[in-house]
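All remarks here apply to the structure that follows.
There are 2 protein chains.
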Amino acid sequence: MTAPDPQTLAERYFHEAVTDVAQCHERPRVLGLIASTDKPSMAYARATKQRFLDVGMDYDLEQLSRLDLEARILEANSDPSVHGIFVYFPVFGNQQDDYLRNLITFTKDIEAGSQYWVRKLYANDRFAIAGDPSKKALLPCTPLAIVKLLVELRVYGDPSIKPGALSKPLSGKQVTIFNRSEVIGRPLAVMMSNDGAEVFSFDEHGPLKFVDAKPSECNITRRKALAGSDIVITGVPSAGFAHIEADEVTSKAIGINFSSIQNFSDAAAEKVSLFIPRVGPMTVAMCMRNTLRLYRHFHMGTPDD
Amino acid sequence: MTAPDPQTLAERYFHEAVTDVAQCHERPRVLGLIASTDKPSMAYARATKQRFLDVGMDYDLEQLSRLDLEARILEANSDPSVHGIFVYFPVFGNQQDDYLRNLITFTKDIEAGSQYWVRKLYANDRFAIAGDPSKKALLPCTPLAIVKLLVELRVYGDPSIKPGALSKPLSGKQVTIFNRSEVIGRPLAVMMSNDGAEVFSFDEHGPLKFVDAKPSECNITRRKALAGSDIVITGVPSAGFAHIEADEVTSKAIGINFSSIQNFSDAAAEKVSLFIPRVGPMTVAMCMRNTLRLYRHFHMGTPDD
Numbered sequence: 002m003t004a005p006d007p008q009t010l011a012e013r014y015f016h017e018a019v020t021d022v023a024q025c026h027e028r029p030r031v032l033g034l035i036a037s038t039d040k041p042s043m044a045y046a047r048a049t050k051q052r053f054l055d056v057g058m059d060y061d062l063e064q065l066s067r068l069d070l071e072a073r074i075l076e077a078n079s080d081p082s083v084h085g086i087f088v089y090f091p092v093f094g095n096q097q098d099d100y101l102r103n104l105i106t107f108t109k110d111i112e113a114g115s116q117y118w119v120r121k122l123y124a125n126d127r128f129a130i131a132g133d134p135s136k137k138a139l140l141p142c143t144p145l146a147i148v149k150l151l152v153e154l155r156v157y158g159d160p161s162i163k164p165g166a167l168s169k170p171l172s173g174k175q176v177t178i179f180n181r182s183e184v185i186g187r188p189l190a191v192m193m194s195n196d197g198a199e200v201f202s203f204d205e206h207g208p209l210k211f212v213d214a215k216p217s218e219c220n221i222t223r224r225k226a227l228a229g230s231d232i233v234i235t236g237v238p239s240a241g242f243a244h245i246e247a248d249e250v251t252s253k254a255i256g257i258n259f260s261s262i263q264n265f266s267d268a269a270a271e272k273v274s275l276f277i278p279r280v281g282p283m284t285v286a287m288c289m290r291n292t293l294r295l296y297r298h299f300h301m302g303t304p305d306d
Numbered sequence: 002m003t004a005p006d007p008q009t010l011a012e013r014y015f016h017e018a019v020t021d022v023a024q025c026h027e028r029p030r031v032l033g034l035i036a037s038t039d040k041p042s043m044a045y046a047r048a049t050k051q052r053f054l055d056v057g058m059d060y061d062l063e064q065l066s067r068l069d070l071e072a073r074i075l076e077a078n079s080d081p082s083v084h085g086i087f088v089y090f091p092v093f094g095n096q097q098d099d100y101l102r103n104l105i106t107f108t109k110d111i112e113a114g115s116q117y118w119v120r121k122l123y124a125n126d127r128f129a130i131a132g133d134p135s136k137k138a139l140l141p142c143t144p145l146a147i148v149k150l151l152v153e154l155r156v157y158g159d160p161s162i163k164p165g166a167l168s169k170p171l172s173g174k175q176v177t178i179f180n181r182s183e184v185i186g187r188p189l190a191v192m193m194s195n196d197g198a199e200v201f202s203f204d205e206h207g208p209l210k211f212v213d214a215k216p217s218e219c220n221i222t223r224r225k226a227l228a229g230s231d232i233v234i235t236g237v238p239s240a241g242f243a244h245i246e247a248d249e250v251t252s253k254a255i256g257i258n259f260s261s262i263q264n265f266s267d268a269a270a271e272k273v274s275l276f277i278p279r280v281g282p283m284t285v286a287m288c289m290r291n292t293l294r295l296y297r298h299f300h301m302g303t304p305d306d
């Protein structure tokens, strides 16, 4: 069955953002860059912008040619009036998107999708700058958003228990994730297994098992992984490989889809105990959180550098 | 028709490497890391090793599990006895390979495939370290190998004319490249267009045109691009998309294939004026050149740091 709207689940974080913005000595300013011209992408971009404006931040949305994006990112990196950069992917739909993602300077990478931040997660390095414990590292937005949705749904127990705390809040849970991208699927498997879950991570080449943030080879079938899973998370932007049928999931499971298309069949979405069809609003909330953290770490009181 | 063997074309660079190694005060040491166990990959790895040994360098070839590669790269990055790191890709065959490639510290990245070096090429930044003109930047190995093959074949005119010199040695030439990867196809299009060629770069999403190192959108058909091309370069590791038939190329064209499979039909390979079926030996020669440059820049006389 369908769970509360993620927009509602994210409300607490939007309120936190309003409070945090009020403590900034200027309005944090985010630059959103979109190379797509299709209507759903533009509608999503305008909705993101509106959410940032709603909590009191500035958000300039620029539409530009994909071939101008590289130069624009480099320009924004060195523009002191820009505190955060948000690029709407996919752009080229190939390796060049990763190149662009890594081009964003880490001090403005509010999605925390660049290798600078993801490496820290994999190395369990909690600080933004080596040797400076006053600046906490960022976590990539969408994996963090999924963890926070589970916190709001009390899957992590009491919301006051922080993910990553020593308590292993997902201890005893089995999770299956369809997607092992560097930006979402792999970081998510690391984070959830670090919180105590046994995670089966599938991509088109097969599964890996993550325990205590470490991957190992495994030969589990998709059907067996799904049958034993308390949480099933899908993010495959094409029909086929990840499509979940009702007979593959249990009625106790929680289902989350973060793909732009629905990877759960209607019957599967209906069968599970809770189904969350989109993560977007929580991702935006986590982007705001990251924006404010970067602002405090790197831009506060230094408007000219 | 088939051109001289790339092994022969690379001889001059192997001789150069022997001379350069003799001037090092210790033997430069490269660590080769291979996660594959299939026979052709291992044979290629052993052949690479032998070429390095032949010119007087040390080359340790380690076979390891793909899941151990990340930790091993980080360890080698900080091991002062390792001067260069060579990883045999593909490993995971997905985005994680780019993650691993970018994990290699730039001072040991002899393939120059990490974003540190590729960014410098795109920015036309010729120095390894900003502000230090004594240390020249590296160029990614395989694109450089292809340019050097064309130098040896006198397509660049006299071999003493350096690619990238003001003279625009490829002025008036049209080039078609099938592959726009971040490690080979895109850097190659930038390099060859910077040398004066008009380059049509195809990937599965369509073409881009590169002139003077800058891309622009274009709608040219594959057939038209090929019909007008003096040089046709293919690097698509699957059948289908890039397969070149004889009626698509002219008999004046030069054909180069750098894919692990042949993208030219036998008839197409026979029809063109020169066909080079593999680039590997020249790539190895360029890796050596990069190894020696990195050794001089970053490891010479500082064995303990």
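In order, the protein sequences belong to chains Y and G. All residue numbers for the first sequence refer to the numbering used here, where the first residue is 2 and numbers rise by one. All residue numbers for the second sequence refer to the numbering used here, where the first residue is 2 and numbers rise by one. The beta carbon of each residue, even a glycine, is placed where N, CA and C say it ideally should be.
Per-residue burial, residue i [other beta carbons within 10 Å of its own, 16 or more giving buried]
i	result
G/Arg187	buried
Y/His311	Residue 311 of chain Y is absent from the model: chain Y starts at 2 and stops at 306.
G/His26	exposed
G/Pro282	buried
G/Leu65	exposed
G/Arg294	buried
G/Pro5	exposed
G/Gly94	exposed
G/His16	exposed
G/Arg155	exposed
Y/Gly173	exposed
G/Gly132	exposed
G/Glu76	exposed
Y/Cys288	buried
Y/Ile111	buried
Y/Ala44	exposed
Y/Asp196	buried
Expected contact under 8 Å - CB spacing of residue i and residue j to nearest Å
i	j	result
G/Leu62	G/Ile35	7 Å
Y/Ala247	Y/Lys272	5 Å
Y/Ala1	Y/Gly33	Outside the shown range of chain Y (2 to 306) lies residue 1 of chain Y, about which nothing can therefore be said.
G/Leu122	G/Ile74	About 22 Å; that fails the 8 Å criterion.
G/Val280	G/Pro81	In fact, because the Cβ distance is near 32 Å, the residues do not count as touching under 8 Å.
Residue i vs residue j beta-carbon contact at 8 Å
i	j	result
G/Thr235	G/Ala146	no
Y/Ile334	Y/Leu150	Look at the range of chain Y in this structure, 2 to 306, and you will see that residue 334 of chain Y is not part of it.
G/Arg224	G/Phe203	no
G/Val19	G/Phe53	no
Y/His84	Y/Pro141	no
Y/Pro170	Y/Tyr157	yes
G/Gln24	Y/Asp99	no
Y/Phe179	Y/Asn291	no
G/Ser115	G/Phe128	no
G/Val194	G/Ala214	The amino acid occupying residue 194 of chain G in the given sequence is Ser; Val does not appear at that position. Cβ distance < 8 Å, so G/Ser194 and G/Ala214 count as in contact.
Y/Ala254	Y/Val237	no
G/Ser217	Y/Leu70	no
G/Arg274	G/Ser252	A quick correction: the sequence has Ser, not Arg, at residue 274 of chain G. It is a contact, given that the beta carbons lie within the stated cut-off.
G/Val176	G/Val200	yes
G/Ala286	G/Ala11	yes
G/Ala268	G/Gly256	no
G/Tyr89	G/Ser135	no
Min CB distance residue i to chain Y below 8 Å
i	result
G/Arg187	yes
Short CB-CB distance (under 8 Å) between residue i and chain G
i	result
Y/Ser217	yes
Y/Ser182	yes
Closer than 8 Å, Cβ to any Cβ of chain Y: which residues of the stretch 92 to 115 of chain G, in chain order? Phe93, Gly94, Asn95, Gln96, Gln97, Asp99, Tyr100, Asn103 and Leu104
Selection of the stretch 200 to 213 of chain Y by Cβ proximity to chain G, strictly under 7 Å: Asp204 and His206
Any C-beta of chain G within less than 9 Å: which residues of the stretch 67 to 78 of chain Y qualify? Arg67, Leu68, Glu71 and Leu75
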